[in-house]
Amino acid sequence: KVSIFWFRRDLRLDDNTGLYYANNQEKNILPLFIFDRNILDKLEDKKDARVSFIHSQICRLSEELTSYGSSLMVKYGNPIEIWQTLLDEYDIQTVYTNRDYEPYARERDEMVRKLLQERNIQFLDFKDQVIFEKDEIVNGSGEFYKVFTPYSKNWLEKFKNTKIQMLSLDKKRNQFLRMAHIEIPSLEEMGFQKSDIEIPPLQIDRPLIQKYDQVRNFPSIKGTTRLGIHLRFGTISVRKLALEAYKLNETYLNELIWREFYMMILYHNPQVVDKAFKPQYDHIPWRNNEEDFKKWCEGQTGYPIVDAGMRELNATGFMHNRVRMIVASFLTKHLLIDWRWGEAYFAKKLLDYELASNNGGWQWAAGTGTDAQPYFRVFNPDSQTEKFDKELKYIKKWVPEYSTLAYPKPMVDHKFARERAIETYKKALNS
Ligand code: FAD
């Protein structure tokens with residue numbers, strides 16, 4: 003008999019909750035990872051940097067498991083079909099995994115759970131990717147929060163009163179199934195190629211976190227940690243990071259709370275994937291001009307801070323948070339293009355793409371989301387530049403031609419666009 007530990011967005015051995023409990027409770031643990039075709043087949047870019055990253059991390063995990071005398075079983079296909087074949091091939095005792103809160107993952111896990119139940123096999127899932135999940139942070143009436151500030155206060159209070167434990171795996175006493183190395187399908191076999199995009203290193207930069215509140219808003223400097231991709235795929239433990247953040251800088255910890263806030267919002271409101279959190283905002287008659295959208299995507303709007311952001315994203319898979327807010331506001335307010343278009347573009351490009359945070363960030367910028375962000379607040383790209391890129395260092399880096407004739411004129415006048423946005427929103431909300 004074997005028990006299976008199924009890795010998904012928790013690609014590490016250390017402080018991995020489900021894996022830790024599997025090791026405590028079972029013998030002969032078969033570690034499994036599935037390259038999910040339902041997800042991979044939808045990716046247009048066959049050089050997708052996230053796929054390369056996952057693949058490299060799977061190879062690393064497999065090596066680590068070899069040093070434990072075991073290996074990683076890596077499958078490629080539809081997870082339900084793969085589970086059906088695993089059930090035929092193995093005598094399975096229990097299946098362990100860590101919870102995933104995205105609608106697709108929840109549906110998939112329910113199907114797997116049912117499939118296993120038919121054979122009397124337990125599917126045990128654990129909280130791992132967040133400090134507090136689902137209903138752990140609720141208001142006095144037991145309801146989930148819809149606004150960030152009270153949520154974050156409650157979260158912090160609970161964090162201070164909870165003993166957060168790191169769950170180390172004991173290498174000598176590990177219960178992994180002893181087996182020879184299992185081949186991993188290559189990127190090419192799955193129809194992908196290695197990306198050239200550089201992945202930010204996995205390191206907790208303590209001096210940076212210490213001064214995070216002073217440097218985080220300036221896109222020309224490395225004032226943020228770039229750990230997004232590592233949090234997304236679990237190559238870092240959020241507990242480890244949050245404990246460090248708590249010691250070093252509360253503003254940084256607050257960002258990790260935003261992450262959990264949006265995951266909680268998505269969990270309780272899966273409809274936000276394609277609907278406004280505030281339903282009345284679905285009446286906005288977006289202009290959705292395709293040429294305008296193309297200019298935005300390519301960083302050719304004639305607004306240097308917007309263009310710098312989009313070019314940074316296209317070249318590196320990263321965009322600074324301040325600039326994400328500016329470009330998202332520009333798309334939805336200045337151009338009146340549906341936030342879902344911008345969200346989908348970010349989803350294709352961002353290394354740290356996370357459905358919950360991306361959706362939350364876009365709905366915040368469009369004014370359709372949680373927090374009471376009044377719709378008449380339209381970011382002015384020039385005053386944002388004045389505040390956050392005063393010396394134009396960021397702009398000069400990404401838009402070197404910004405002061406020449408080769409650079410396009412602003413595609414829309416700020417004052418005109420601002421008034422048009424406010425009028426359009428007002429009408430839609432009163433309709
Ligand atoms: P740091 O500033 O070093 O923060 C550390 C970590 O905290 C981040 O890696 C992230 O996990 C979390 N975090 C920080 N800010 C936020 C935030 N506002 N909301 C939620 N989590 C946060 N973040 C994503 O992780 N994935 C996305 O797809 C994403 N899309 C966004 C789209 C828009 C329109 C906006 C305005 C924001 C988006 N964010 C997203 C939030 C934020 O911009 C990024 O988390 C941050 O820029 C990542 O850089 P970093 O790792 O250096 O973050």
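Residue numbers (UniProt numbering): 3 to 433. Note that CB positions come from ideal geometry on N, CA and C, so glycine has one too. Note that the coordinates shown come from a computational prediction; the quantities given were computed from them, not determined experimentally.
For residue i, count the other beta carbons within 10 Å of its own beta carbon; 16 or more makes it buried, fewer makes it exposed. Which is it?
| i | result |
| --- | --- |
| I82 | exposed |
| R261 | buried |
| A358 | buried |
| D43 | exposed |
| N361 | buried |
| K77 | buried |
| D198 | exposed |
| N259 | The displayed chain sequence assigns Ile, not Asn, to residue 259. Under this definition I259 is a buried residue. |
| L204 | exposed |
| R121 | exposed |
| T19 | buried |
| S69 | exposed |
| P221 | buried |
| R180 | exposed |
| K59 | Before going further, note that residue 59 is Gln rather than Lys in the sequence given. Burial call: buried. |
| A346 | exposed |
| T226 | buried |
| K224 | exposed |
First and last residue of the alpha helix (DSSP H) that includes residue i?
| i | result |
| --- | --- |
| S331 | N323 to S331 |
| R180 | Note, R180: premise wrong, no alpha helix (DSSP H); not H, not E. |
| G363 | L357 to A368 |
| I231 | G230 to F235 |
| V308 | P306 to T318 |
| R208 | R208 to Q212 |
| D384 | P383 to F390 |
| L431 | H416 to N432 |
| R241 | V240 to L250 |
| I339 | Careful: I339 lies outside any alpha helix (DSSP H) and carries neither H nor E. |
By DSSP, does residue i sit in helix, in strand, or in coil?
| i | result |
| --- | --- |
| F295 | helix |
| F378 | coil |
| F146 | strand |
| V274 | helix |
| V140 | strand |
| K350 | helix |
| Q205 | coil |
| Q195 | coil |
| K399 | helix |
| S222 | coil |
| R261 | helix |
| E135 | coil |
| Q302 | coil |
| Q216 | helix |
| I267 | helix |
| T372 | coil |
| E190 | helix |
| T151 | helix |
| residue 438 | The chain is shown only over 3 to 433; residue 438 falls outside these bounds and no answer can be derived. |
| E159 | helix |
Check whether the Cβ of residue i sits closer than 8 Å to any heavy atom of ligand 1, and report yes or no.
| i | result |
| --- | --- |
| Y254 | yes |
| Y22 | no |
| R218 | yes |
| W260 | yes |
| M327 | yes |
| L355 | The sequence as given places Tyr at residue 355; Leu does not occur at that position. It does: the Cβ of Y355 is within 8 Å (strictly closer) of some heavy atom of ligand 1. |
| F332 | no |
| A367 | yes |
| M266 | no |
| S359 | yes |
| L45 | no |
| F348 | yes |
| W298 | no |
| F35 | no |
| H322 | yes |
| L204 | no |
| E246 | no |
| L352 | yes |
| Y214 | yes |
| T406 | no |
| R234 | yes |
| E257 | yes |
| R175 | no |
| L229 | yes |
So does residue i have its beta carbon nearer than 8 Å to some heavy atom of ligand 3?
| i | result |
| --- | --- |
| L169 | Questions concerning ligand 3 fall outside what the structure shown contains, since the ligands it does hold are ligand 1. |
### Within the UniProt domain "Photolyase/cryptochrome alpha/beta" (3-133), ranges of the beta strand (DSSP E) (whole runs, at least 3 residues)
The beta strand (DSSP E) runs lying completely inside the UniProt domain "Photolyase/cryptochrome alpha/beta" (3-133) and spanning 3 residues or more are 4-9, 31-38, 75-79, 94-100 and 124-128, given in chain order.
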